[in-house]
Amino acid sequence: MERFVEIGVKSSPTVAGLAANTLKLPEYAHSTVEVLNAERDAAVLFATDTDPEPEDVAEDDSATVVAEGTPEPNVVPAVAPAPAGAPSGTPRPDDIPFDAADATLALIALSAKMRIDQIEELDSIESITDGASSRRNQLLVDLGQELNIGAIDGAAEADLAGLRSQVTKLARTYKPFGPVLSDAINDQLRTVLGHPASGPPRSPSGSKRPGNSATGGPSTSPSKSRWVPGRAQACAAARSGTCTRAR
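Residue numbers are given in full-length UniProt numbering: position 146 of the sequence shown equals residue 146, and the series is strictly consecutive.
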C-alpha cells in the first residue's frame, strides 16, 4: 500500500487520524504509506499543489548578489563609453592592385575562354590561339586598346612571363579598367543580373512606345516609326489605332 485516503470532511478526519497514529507505532517506523483526507488534501490528490520554494536559499542568494553588486565606498563604477559612430574622415580602403600585367592575363583568359590558373608562364599568345591568325590579331588589337599602347614587338611569340614584364614597362600609367575589359565586365553583369529595369522607352510627349500603351493595347496616338537597336522595328501607328509589326 502506498496511499490511504479517507473519504470524508476535513473538519473531522477520524479514520485518517487513526491511520496516522497507527503508523507512528515502532513496528511501522519504516512504512512509507501516505495518509490523506479527500477534502483536506484535495490539492495533493488532484495534483494541483505546488512545491514550496526554498525561501532561505533564495534570500541567501539575493543577499550575495546585493553584496557583490554594491560598490565600495568612494569607488565610482566604470561606465562603458557609448560606441562612437564611424568618423566622417575615415580613409578609403586601398584598391586591390591590378596593373597592366594583370590586364594582359585577363584578356588572354577571356579570349581563350580559360581560367587564369590554367594559363602557364611558358604559354604564348600564339600557342593559346592555336596559330589562328584571326584570333591572334584580335587579341593583340584588344591588348593595345586596353592598355592604350601601340604595337608590341614580338608579343605573339613571347612567353607569358616576358610579355607581362614588357607591358608593365610600356603601360606604366594603366588604371583599371580599360575599354575592352570594361565592356567584357558589363556584358557578364548583364548576363547575370539582366538589363536594368528602366522601363520601356518613352516618346517626347511622355506616352508609351507605339503598340505598348499603358493598358496593353495598341497606341491611339500617332507617332513616327523608329528602329530600336537589338529589337524588331517598331510599328507605325495609324490614326485608326492599328499597326503592323515587322518580324
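Note that CB positions come from ideal geometry on N, CA and C, so glycine has one too.
- Message: Is the beta carbon of Ala-19 closer than 8 Å to that of Val-35?
- Response: As a position in the sequence shown, residue 35 is number 35, starting the count at 1. As a position in the sequence shown, residue 19 is number 19, starting the count at 1. For Val-35 and Ala-19, yes; Cβs fall inside 8 Å.
- Would you grab the beta carbon distance between Ala-101 and Val-167 for me? Rounded to a whole angstrom, and I think it's under 8 Å. Taking the first residue of the sequence shown as position 1, residue 101 is located at position 101. Taking the first residue of the sequence shown as position 1, residue 167 is located at position 167. Rounded, the Cβ-Cβ distance is 6 Å, consistent with contact.
- Message: Quick check on Arg-3: does DSSP put it in helix, strand or coil?
- Response: For the purposes of this step, residue 3 is identified with residue 3 of the sequence shown, where counting begins at 1. DSSP places Arg-3 in strand when its eight states are reduced to three.
- Task: Could you check how far apart the C-beta atoms of Pro-176 and Gln-145 are, in whole angstroms? I think they sit under 8 Å.
- Result: Residue 176 sits at position 176 when you count from the first residue of the sequence shown. Residue 145 sits at position 145 when you count from the first residue of the sequence shown. 14 Å between Cβ atoms; not a contact.
- Message: So, at 7 Å on beta carbons, what are the nonlocal neighbours of Gly-217 in its own chain, with the 5 sequence-adjacent residues on each side left out?
- Response: The residue you call residue 217 lines up with position 217 of the sequence shown. The pLDDT assigned to Gly-217 is 47, lower than 50, so where the model puts this residue is not dependable, and the model offers no usable value.
- Query: When we look at the beta-carbon of Leu-25 and count the other beta-carbons within 10 Å, is it buried (16 or more) or exposed?
  - Reply: The count along the sequence shown starts at 1 and reaches residue 25 at position 25. So Leu-25 ends up on the exposed side.
- Run the CB neighbour count on Glu-120, radius 10 Å, all protein chains shown included, and call it buried at 16 or more, exposed below. On the sequence shown, residue 120 is found 120 positions in, with the first residue counted as 1. Exposed.
- Query: For Ile-116, which residues from the same chain have a beta carbon less than 8 Å from its beta carbon, with the 5 sequence-adjacent residues on both sides left out?
  - Reply: Taking the first residue of the sequence shown as position 1, residue 116 is located at position 116. Around Ile-116: Leu-105, Ala-106 and Ala-109.
- Coarse secondary structure for Glu-34, derived from DSSP in three states: Along the sequence shown, one-based indexing puts residue 34 at 34. Three-state DSSP puts Glu-34 in a strand.
- Message: On a Cα-Cα basis, can you pick out the residue from Tyr-28, Val-44 and His-30 that is closest to Val-5?
- Response: Stepping through the sequence shown from its first residue, residue 5 is reached at position 5. Checked all of Tyr-28, Val-44 and His-30; the closest Cα to Val-5 is Val-44.
- Query: What's the call for Pro-200, buried or exposed, on a 16-neighbour Cβ count within 10 Å?
  - Reply: Position 200 of the sequence shown, counted from the start, is the residue given in the question as residue 200. At Pro-200, the pLDDT of 49 sits below 50, so the modelled position is not reliable and the matter cannot be decided from this model.
- Message: Considering only their Cβ atoms, is the gap separating Ala-103 from Leu-147 smaller than 8 Å?
- Response: For this step, residue 147 is matched to residue 147 along the sequence shown. For this step, residue 103 is matched to residue 103 along the sequence shown. Result yes, Cβ atoms of Leu-147 and Ala-103 sit closer than 8 Å.
- For Glu-157, I'd like the list of residues in its chain whose CB is within less than 7 Å of its CB, leaving aside the five on either flank, ordered along the chain. Reading the sequence shown from its first residue, position 157 is the one you call residue 157. Correct list, in chain order: Ser-124 and Glu-126.
- Message: Can you find the residues in the same chain that come closer than 6 Å, C-beta to C-beta, to Asp-49, ignoring five residues on each side of it along the sequence?
- Response: Taking the first residue of the sequence shown as position 1, residue 49 is located at position 49. Cβ within range, chain order: Ala-43.
- Are there 16 or more other CB atoms within 10 angstroms of the CB of Asn-137, so buried, or fewer, so exposed? Within the sequence shown, the letter at position 137 stands for residue 137. The residue is exposed, with fewer than 16 neighbouring Cβ atoms inside 10 Å.
- Item | Nearest neighbour of Gln-118, chosen from Asn-37, Ile-152 and Leu-160 [CA to CA] | Residue mapping note: residue 118 aligns to position 118 of the sequence shown, counting from 1. Checked all of Asn-37, Ile-152 and Leu-160; the closest Cα to Gln-118 is Leu-160.
- Item | Counterpart residues of Ser-124 in DSSP-defined beta bridges | On the sequence shown, position 124 is the one that residue 124 refers to. Note: Ser-124 sits in a beta bridge opposite Asp-159.
- Query: How is Pro-179 classed by DSSP in three states: helix, strand or coil?
  - Reply: Numbered from its first residue, the sequence shown carries residue 179 at position 179. Helix at Pro-179.
- Span of the alpha helix (DSSP H) holding Val-141? Residue 141 sits at position 141 when you count from the first residue of the sequence shown. Counting along the chain, the alpha helix (DSSP H) containing Val-141 begins and ends at 133–147.
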